Amino acid sequence: MESQYYYISEDEEDVRLDVYLAEQYEDFSRSYIQKLINGEHVKVNDKLEKNKYLTKLGDKIEVLLPEPKNLDVKAQNIPLDIFYEDDDLIIINKQQGMVVHPGAGNYENTLVNALLYHCDGQLSSINGVIRPGIVHRIDKDTTGLLMVAKNNFAHQSLAEQLKEHTITRKYHAICNGIIKENKITIDAPIGRNPVDRLKMSVIQSGRNAVTYVNPLERYKDYTYIEAQLETGRTHQIRVHLSYIKHPLLGDEVYGKKSTKFNLKGQVLHAKTLGFVHPRTNEYMEFNSELPDYFKKLLTIISK
């Protein structure tokens with residue numbers, strides 16, 4: 132078992148220990164986090180604390196995660212839209228409906244299954260057997276560019292760039308309503324919804340989240356936007372646009388259910404991805420075309 136460490140900053144004070152850790156491990160339920168704490172897998176300043184312990188500035192939190200169970204994630208010959216590839220990384224243009232990595236009850240037909248086949252298992256191991264090579268994620272129904280690391284050297288470099296907010300990530304989306312401002316900065320912390328743990332929400336105890344929104348075209352009932360991420364919280368763009376009362380078109384989780392355009396999910400496309408190559412230290416930037424359904428939708432709403 133390997134220890135992971137967290138240090139509490141000013142904006143993370145006075146948060147319950149179990150709540151804080153649930154935000155760090157977004158794939159774990161709060162009940163699982165509580166079991167870790169109760170099972171003495173968590174220490175604060177080298178001491179055992181209870182779930183209700185309130186974090187303090189400078190606290191050192193040590194988490195000793197149990198070894199994951201061995202899972203057989205098989206390679207599958209699934210077609211991939213490969214945008215770029217070299218010995219260190221691969222850029223995928225993900226299609227709508229594809230889950231990025233396996234999860235509970237869903238261990239086949241994911242991007243990871245396809246990558247294991249294409250790369251013959253040569254992917255970074257930092258994120259374990261469930262997420263080999265996966266540096267960052269996009270939602271199942273979001274399309275567009277995603278970077279994958281083929282080795283741990285590349286993974287560590289890309290992960291550090293994400294942490295330092297130096298990676299360029301621009302998304303195109305259609306949201307409900309007309310955004311009148313020319314530019315908006317949404318600076319609102321995001322955390323797990325305290326009522327519905329399957330959703331995220333703007334919450335004071337959440338993690339820092341910043342999204343820059345630039346309207347590209349205004350229509351009668353909708354706005355076509357570019358959203359640039361500074362941070363990368365789960366569902367960040369979807370949550371932030373809902374927070375300012377302009378939920379993404381087709382987003383039934385953070386917006387209203389509608390069958391008007393027979394959509395399969397939120398209209399969101401990861402269009403631009405830029406980063407410094409881990410080995411050459413040269414900046415690279417990629418841009419992908421909008422998917423056909425997105426372009427057709429723009430034509431429809433412009434009439």
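Under our numbering, the sequence shown has 252 at position 121, and the numbering climbs by one with no breaks. The C-beta atom is built at its ideal place from N, Cα and C for all residues, glycine as well. Source: prediction; values computed, not measured.
Using three-state DSSP, classify Gln118 as helix, strand or coil.
-> Outside the displayed range of the chain (132 to 434) lies residue 118, so it cannot be described from this structure.
Residues that Gly234 bridges to, as DSSP identifies them | Asn237
Runs of beta strand (DSSP E) lying entirely within the segment 304-375, each at least 3 residues, in chain order = 315-318, 321-323, 331-333, 341-349, 353-360
So, helix, strand or coil for Ile209, using DSSP?
-> coil
Any chance the segment 302-309 sits against the segment 347-357, with 3 or more Cβ pairs inside 8 Å?
-> yes
The segment 214-222 / the segment 173-184 touching (three or more Cβ pairs under 8 Å) | no
Smallest Cα separation from Gln227: which of Thr411, Val146, Ala401, Asp318?
-> Ala401
Between Val204, His249, Lys205, Asn237, which lies nearest to Ile223 when the distance is taken from Cα to Cα?
-> His249
Can you give me the Cβ contacts of Lys271 inside the same chain, cut-off strictly under 6 Å, excluding the 5 residues immediately before and after it?
-> Val230
For Tyr424 and Leu188, the rounded distance between their alpha carbons | 48 Å
Using the Cα positions of Thr297 and Val326, report the straight-line distance between them to the nearest angstrom.
-> 33 Å
Contacts around Glu361, its chain only, beta-carbon distance under 6 Å, and the 5 residues preceding and following it disregarded = His296, Val341
From Gln253, Thr186, Leu242, pick the residue whose C-alpha is nearest to that of Ile269; which is it?
-> Leu242
Sequence ranges, alpha helix (DSSP H) only - wholly within the segment 139-171, length at least 4 | 148-155, 161-169
What residue range is occupied by the uninterrupted beta strand (DSSP E) comprising Thr411?
-> That residue, Thr411, is in no beta strand (DSSP E); it is neither H nor E in DSSP.
Kindly indicate which residue of Asp203, Val398, Lys191 has the alpha-carbon position closest to the one of Thr274.
-> Val398
Does DSSP put Ser134 in a helix, a strand or coil?
-> strand
Do you know how far the Cα of Arg349 is from the Cα of Phe284?
-> 44 Å
At which residues does the alpha helix (DSSP H) containing Lys225 begin and terminate?
-> Run containing Lys225: none in the alpha helix (DSSP H); it sits in the beta strand (DSSP E), 220-225.
Terminal residues of the beta strand (DSSP E) in which Val243 lies | Unbroken run through Val243 is the alpha helix (DSSP H), 242-249; no beta strand (DSSP E).
Give the range of the alpha helix (DSSP H) segment to which Leu254 is assigned.
-> Premise fails: Leu254 is in no alpha helix (DSSP H) and is neither H nor E.
Reduced DSSP secondary structure (H/G/I, E/B, other) of His400 = strand
Can you pull the DSSP bridge partners for Thr274?
-> His400
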